[in-house]
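Asks: Take any residue in the sequence shown, note its place counting from 1, add 10, and you have its number in this note's numbering.
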Amino acid sequence: MNSINPSFTSNYTSYTINQSSSQRTEQTSTSSVSSDSFTPSSKSLDDDFAKADQLKQASATSKVGEKSTSDPITLTIISTNDMHGQYQLMPKVAGVIDALRERYPDAIVVDGGDSTYNPPFSEVNEFGPITDVLNEMKYDVITLGNHEFQYGKESTSKDFALKLDADVVSANVHDKSLKDNLDGVKPYVVKDVNGLKVAFVGLVKPKMHTKAHPNVGKDLVKESTIEAMQRLMPEIKKEADVVIALTHQGLGDDERMASHIKDISLVLAAHDHVSTSKPIVVGNYPSKTYIVENGSHCKMVGLSQLTIAPETHKVLDFKFKQYPVETYGVKPNQNVAKIINDYEPVDPHHR
Ligand SMILES: [Zn+2]
11 MNSINPSFTS NYTSYTINQS SSQRTEQTST SSVSSDSFTP SSKSLDDDFA KADQLKQASA
71 TSKVGEKSTS DPITLTIIST NDMHGQYQLM PKVAGVIDAL RERYPDAIVV DGGDSTYNPP
131 FSEVNEFGPI TDVLNEMKYD VITLGNHEFQ YGKESTSKDF ALKLDADVVS ANVHDKSLKD
191 NLDGVKPYVV KDVNGLKVAF VGLVKPKMHT KAHPNVGKDL VKESTIEAMQ RLMPEIKKEA
251 DVVIALTHQG LGDDERMASH IKDISLVLAA HDHVSTSKPI VVGNYPSKTY IVENGSHCKM
311 VGLSQLTIAP ETHKVLDFKF KQYPVETYGV KPNQNVAKII NDYEPVDPHH R
């Protein structure tokens, strides 16, 4: 089959925007654009990225021994969040990520959670084909959204985290005590990027239950995201030069957290489905925190680029750009399309 299985997509694609997401988008409209009014980023930003590319090429062509230790280090991160089971778009999301990874081969690719949940499909098929899709997309780090806890913590581990090739991070939810991580989940991971030690910490909004799903999250031991960061930051800072938070709590809580916790350079946000065309900035140099989020439902992929001072590890510059998935014009990833085409949804009436 060349197109995505129509019986699989057509039944489920209409459940895309939930009420809370559109409300939240309106509330925070000063610092964001709604996904409907999205226009591709300005040319000047493209020029900035082109300049960064030239600099990078120039330093790559110099001999290793020539490279000064005082050259700034570039850290590139490709991010998605709240994809919410939009399988008809995931081959295109993968195509955009493939294109960006080709341009920035040392980029770290991350997801901010809620990749799976798309009712009513996921009510009966639970995690569906998502883990195979995320593995094929070759994510490096994934954090858990509230919806990844929808079917109980055993399922979070067995059906999601343990099946992923990516490092799965979540620092403020635990199995039986604060010392006890869920199977397949760690609080944070430290990646080596161009000689820089970069910590990616996962955090999720502790209140996960809703009227419709009153028990979600009640089987977990939870802390607030601020408590978890206060507890972990001394340890993380011993291991890492730069700290990046993958949060799934909404921008209001992100701003609160960033004003309480110093030395988080970048927050890759999720959960409230807001698109930040420009980063939100909390604090002042040298301890600024940038916060960005890429809407929801596979509409865009974000590219963040931090320029880091080699000795102090302070952020000298930050650039952010979003790539609209439907109009960016890259080839959809055929392997991802095949996984989705081949997946057979469980018939809800025979379960
Ligand atoms: Zn969420």
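We treat Cβ as the ideally placed atom computed from N, Cα and C, and that holds for glycine.
1. Kindly indicate the opening and closing residues of the beta strand (DSSP E) around Q96.
2. By a C-beta neighbour count over all protein chains shown, 10 Å radius and 16 as the cutoff for buried, is K228 buried or exposed?
3. Determine the closest residue to L154 out of D108, L206, A279, with distance taken between C-alpha atoms.
4. Taking 8 Å as the cut-off, is the beta-carbon of K215 closer than that to any non-hydrogen atom of ligand 1?
5. If you count every other CB in all the chains shown that lies within 10 Å of the CB of A222, and 16 or more means buried, which is it?
6. Within 10 angstroms of its Cβ, does P101 collect 16 or more other Cβ (buried), or is it exposed?
7. What is the rounded straight-line gap between the Cα of D169 and the Cα of Q98?
8. Taking S165 as the reference, give the member of N204, D190, E146, N135 with the closest Cα.
9. Check whether the region 112-131 touches the region 333-352, taking contact to mean three or more Cβ pairs, one atom from each stretch, closer than 8 Å.
10. Could you spell out the range, first to last residue, of the beta strand (DSSP E) harbouring H270?
11. Which of the three DSSP states, helix, strand or coil, is assigned to Q107?
12. Please name the residue, chosen from L144, N145, Y161, G194, that lies closest to S167 on a Cα-to-Cα basis.
13. For ligand 1, is there a heavy atom less than 8 Å away from the beta-carbon of N156?
14. Whether or not the region 224-243 and the region 180-188 are in contact is what I'm after, with contact meaning three or more pairs of Cβ atoms, one per stretch, closer than 8 Å; do they touch?
15. Within its chain, find whatever has a CB closer than 8 Å to the CB of D273; leave out the 5 residues flanking it on each side and keep chain order.
16. Would DSSP call V143 helix, strand or coil?
17. May I ask you to check if the CB of A255 is nearer than 8 Å to at least one heavy atom of ligand 1?
18. For G262, I'd like the list of residues in its chain whose CB is within less than 6 Å of its CB, leaving aside the five on either flank, ordered along the chain.
19. Closer than 8 Å by C-beta to E336: which residues in its own chain qualify, once you throw out the five before and the five after it? Chain order, please.
20. Under a three-way DSSP split, which group does V346 fall into?
21. Can the beta-carbon of K201 be found closer than 9 Å to that of V208?
22. Give a yes or no on whether the C-beta atoms belonging to L276 and V203 are separated by under 9 Å.
23. Leaving out five residues on either side along the sequence, give the residues of the same chain with a beta carbon under 6 Å from the beta carbon of M93.
24. Do you know whose CA, among H258, K173, I140, G312, lies nearest E354's CA?
25. Only counting runs of 3 or more residues, tell me where the beta strand (DSSP E) segments fall wholly within the region 271-351, in order along the chain.
26. Do T317 and I83 have their C-beta atoms closer together than 9 Å?
27. Need the endpoints of the alpha helix (DSSP H) that A255 sits in, please.
28. Looking at the secondary structure, which residues open and close the beta strand (DSSP E) in which K207 lies?
Replies: On the basis of the data shown:
1. First-last for Q96: undefined, no H or E at that position.
2. By the neighbour-count rule (16 or more Cβ atoms within 10 Å), K228 is not buried but exposed.
3. Residue nearest to L154 within the set D108, L206, A279 is A279 (criterion: CA-CA distance).
4. Checking every heavy atom of ligand 1 against the Cβ of K215, one is found closer than 8 Å.
5. It is exposed - the Cβ of A222 has fewer than 16 other Cβ atoms within 10 Å.
6. Taking all protein chains in view, the Cβ of P101 is crowded by 16 or more other Cβ atoms within 10 Å, so the residue is classified as buried.
7. Cα to Cα, the separation comes out at about 22 Å.
8. Among N204, D190, E146, N135, the Cα nearest to that of S165 is on N135.
9. Three or more beta-carbon pairs separated by less than 8 Å are not found between the region 112-131 and the region 333-352, which leaves the two stretches without contact.
10. H270: not part of any beta strand (DSSP E); member of the alpha helix (DSSP H) spanning 261-270, first to last residue.
11. Per the sequence presented here, residue 107 reads as Ile, with Gln not at that position. Helix.
12. Ranking L144, N145, Y161, G194 by Cα distance to S167 puts G194 first.
13. Under cutoff, so the answer is yes.
14. Yes: at least three Cβ pairs fall under 8 Å.
15. Within the same chain, and ignoring the five residues on either side of D273 in sequence, the residues whose Cβ sits closer than 8 Å to its Cβ are M243, K247, V253, S297.
16. The answer is helix: DSSP assigns V143 an H, G or I state.
17. With a cutoff of 8 Å, A255 does not count as near ligand 1, since its C-beta is closer than that to no heavy atom of the ligand.
18. Cβ neighbours of G262 beyond the five flanking positions: none.
19. L99, K102, K309.
20. Of the three classes helix, strand and coil, the one that applies to V346 here is helix, per DSSP.
21. Inclusion of K201 and V208 in the CB contact set at 9 Å is warranted, their separation being smaller than that value.
22. The Cβ-Cβ distance between L276 and V203 does not fall below 9 Å.
23. Only S125, C308 meet the Cβ criterion.
24. Looking only at H258, K173, I140, G312, the smallest Cα-Cα distance to E354 is reached by I140.
25. List check, beta strand (DSSP E) in window: 276-278, 290-292, 299-302, 310-318, 325-334.
26. The beta carbons of T317 and I83 sit closer together than 9 Å.
27. Bounds of any alpha helix (DSSP H) do not take in A255; it lies within the beta strand (DSSP E) bounded by 252-258.
28. Counting along the chain, the unbroken beta strand (DSSP E) around K207 starts and ends at 206-214.
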